[in-house]
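What follows is a set of notes on a single structure, which appears directly below.
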Amino acid sequence: MGNDLRKIILYGSYARGDYCEESDVDIMILSALSENENDAVADRIYDNVQMALKLELALR
């Protein structure tokens with residue numbers, strides 16, 4: 146992947162800091178990757194975000 150992954154952008158309520166427990170996480174991936182590679186990156190990001198959200202909820 147290396148240089149083909151340009152940016153990962155967080156937007157929406159999590160980016161603004163006004164999220165609640167029901168909020169989803171909105172991300173945009175800018176890359177020169179193939180569709181399959183983009184899907185793999187998105188899956189890894191999703192898994193990491195899910196773990197982070199569970200940790201955040203556990204710490205509240």
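My numbering puts the sequence shown at residues 146 to 205. We put the CB at the ideal spot given by N, CA and C, even for glycine.
Can you name, in chain order, every residue of its own chain whose Cβ lies under 6 Å from the Cβ of residue i, other than the five neighbours on each side?
{"i": "Asp171", "result": "Tyr156, Gly157"}
{"i": "Ser168", "result": "Ser158"}
Rounded to the nearest angstrom, what separates residue i and residue j at their Cα positions?
{"i": "Glu201", "j": "Glu180", "result": "31 Å"}
{"i": "Ala160", "j": "Val194", "result": "13 Å"}
{"i": "Ile154", "j": "Met173", "result": "5 Å"}
{"i": "Cys165", "j": "Leu178", "result": "32 Å"}
{"i": "Asp188", "j": "Glu182", "result": "10 Å"}
Using DSSP's beta-bridge definition, name the partner residues of residue i.
{"i": "Asp171", "result": "Tyr156"}
{"i": "Ser176", "result": "Leu150"}
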